[in-house]
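Numbering (our numbering), first residue to last: 17 to 399. Note that beta-carbon positions come from the ideal geometry of N, C-alpha and C, so glycine has one too. On a predicted model such as this, the values are computed, not experimentally measured, just so you know. First up is the structure itself, then whatever we jot down about it.
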């Protein structure tokens, strides 16, 4: 088994894939950490749609992938990643995804939390932004899922300062039926969120974020920080009220943040745990035994793949995630909502394949090799 992959300068190099996958099996529920994967959706490859059309979803394959994650003990963070909100599904599609996934979670006793945003409006007044949030919060709560209050492009555009964020989030938290997760998504994931919490100064923004939590600690289960800044996350984590969790969203530094230190640790809500699901689950079970070094030995080698998938422009990370799902056999095609399969280059795919194969992530290495060769042939690379 060898395959020729594009290298630097367009030259081809020979790579020898693994012949056996990493041995992982489903196990007991986690005891030391709460872990969510921001799961991708599977597009319908036969739908006659354009990138501007409402997304066509293969619901059977989409739900099957969620069952795969639940079988390994991970929770599913639904309707919140970049291939679902703002770069793929519209609100009608996201609402259908929430309903279907929440019902599926109930049927298998899987944990699920769903994104609440404002993407049914492009812009609006503060009152309109608040109403959009309320509509989505009601749907998520009716579905029985936990709510994740996501950062809003419309709020970022409408707010004139920190006081507007305090007012809008305070209003939503007061009416939330159950404690929610607050999500701070940085501009590297969505440039429209520059200056969120009322300031481009991250120290000032952090103070506003923490003021929102301090005013309603009983309504905040936790926070998800997606700033790709490990030290800032640690600093925020140490300032949280007792009982409020920190869910790392740092796809560059997650092993050290989940492992924690003498003053605390982060739980996880990560996009990279979509392709890493079984391996990540195995690592957390090792951590449950108190074996921090064993946890790091399993998870540290995955950081290179994660940093590759989330490289600039970071908002296109889901292209690599869906690519790996195709190679791993979780779906029969490499087609994405919004046509985002074109958002990364062939060298990017080749490196992703090599890194994932080296980790043993493909249940059937031969299938992954054959599919990689199929993609290469479309680019004019003959084996």
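- In this structure, the CA atom of residue 145 is about 29 Å from the CA atom of residue 66.
- Each residue's CA atom was taken as its position, placing residue 304 and residue 173 some 43 Å apart.
- With respect to the 8 Å criterion, residue 208 and residue 215 are not classified as neighbours on the basis of their beta carbons.
- A check of alpha carbon separations from residue 127 across 139, 113, 85 identifies 85 as the nearest.
- By DSSP's assignment, residue 199 forms a beta bridge with 240.
- When the alpha-carbon of residue 185 is set against those of 203, 362, 232, 335, the nearest one is in 232.
- In this structure, the CA atom of residue 271 is about 14 Å from the CA atom of residue 287.
- Measuring C-alpha to C-alpha distances from residue 64 to each of 72, 111, 375 identifies 72 as the nearest.
- Annotation for residue 142: 171, 174, 175, 180, 183, 184 place their beta carbon closer than 8 Å to its own, counting only its chain and skipping 5 residues before and after.
- In this structure, the straight-line span from the alpha carbon of residue 197 to that of residue 350 is close to 32 Å.
- In chain order, 31, 33, 385, 388, 389, 399 place their CB closer than 7 Å to the CB of residue 19, counting only its own chain and leaving out the 5 sequence neighbours on each side.
- Cβ neighbours of residue 58 within its own chain (closer than 6 Å, five residues either side excluded): 74, 77, 78, 347.
- Residue 281 sits in coil when the DSSP states are folded into three classes, being neither helix nor strand.
- For residue 58, there is no enclosing alpha helix (DSSP H), as DSSP gives it neither H nor E.
- Counting of Cβ neighbours within 10 angstroms places residue 395 among the exposed residues, the total staying below 16.
- Beta-bridge pairing by DSSP links residue 22 to 28.
- Spatial neighbours of residue 343 in its own chain (CB-CB distance under 8 Å, excluding positions within 5 residues in sequence) are listed in chain order as 369, 372, 378, 383, 384, 387, 388.
- Annotated as proximal: residue 95 and residue 110, with beta-carbon spacing under 8 Å.
- With fewer than three CB-CB distances shorter than 8 Å, the segment 254–265 does not count as touching the segment 291–303.
- For residue 202, the closest C-alpha among the options 195, 224, 167 is that of 167.
- When the Cα atoms are used, residue 39 and residue 212 turn out to be separated by approximately 43 Å.
- With fewer than 16 other Cβ atoms inside 10 Å of its own Cβ, residue 24 counts as exposed.
- Following the DSSP letters along the chain, one finds residue 116 inside the alpha helix (DSSP H) bounded by residues 107–124.
- When the beta-carbon positions are compared, residue 252 and residue 241 come within less than 8 Å of each other.
- Nearest in C-alpha terms to residue 188, of all of 205, 134, 140, 17, is 134.
- Apart from the 5 residues on each side of it in sequence, residue 37 sits with its Cβ closer than 8 Å to the Cβ of 376, 377, 378, 379, 380, 381 in its chain, given in chain order.
- When rounded, the separation of the alpha-carbon atoms in residue 235 and residue 130 is 16 Å.
- DSSP places residue 263 inside the beta strand (DSSP E), whose first and last residues are 261–264.
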